[in-house]
Amino acid sequence: MLNQASTDRLELAKLLNISDLQMSYITNVEAGHGLIKVGSSLVPFANKFPKNTKLYKLMTTKPGEA
Numbered sequence: 166m167l168n169q170a171s172t173d174r175l176e177l178a179k180l181l182n183i184s185d186l187q188m189s190y191i192t193n194v195e196a197g198h199g200l201i202k203v204g205s206s207l208v209p210f211a212n213k214f215p216k217n218t219k220l221y222k223l224m225t226t227k228p229g230e231a
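Every number in the working numbering is 165 more than the matching position in the sequence shown, counting from 1.
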């Protein structure tokens, strides 16, 4: 889960029993940050990838960065 709209966050919190601390990982965060659900666990992640690489240009989903 990446940054989510407030109404979606509330629904996800109820559905997945997400704590307030865990919610901070999907609330107003920059690109590449979020939560991964693995089994019954929620694992926070921050995936900061250097933008000045060929690999980034292949992977980006932002128009104009490719």
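Glycine included, every Cβ here is placed at the ideal spot set by N, Cα and C. Quantities reported herein were computed from a predicted structural model and do not represent experimental measurements.
{"Asked": "Please classify L207: is it buried, with 16 or more other beta-carbons within 10 angstroms of its beta-carbon, or exposed?", "Found": "buried"}
{"Asked": "What would DSSP say about K202, mapped onto helix, strand or coil?", "Found": "strand"}
{"Asked": "When DSSP builds the beta bridges, which residues end up paired with V208?", "Found": "I201"}
{"Asked": "Short of 6 Å in beta carbon distance, which residues of its chain neighbour F214, apart from the five on each side in sequence? Order them along the chain.", "Found": "Y221"}
{"Asked": "Quick one: what's got a C-beta closer than 6 Å to M166's C-beta in the same chain, skipping five residues either side?", "Found": "I191, G199, L200"}
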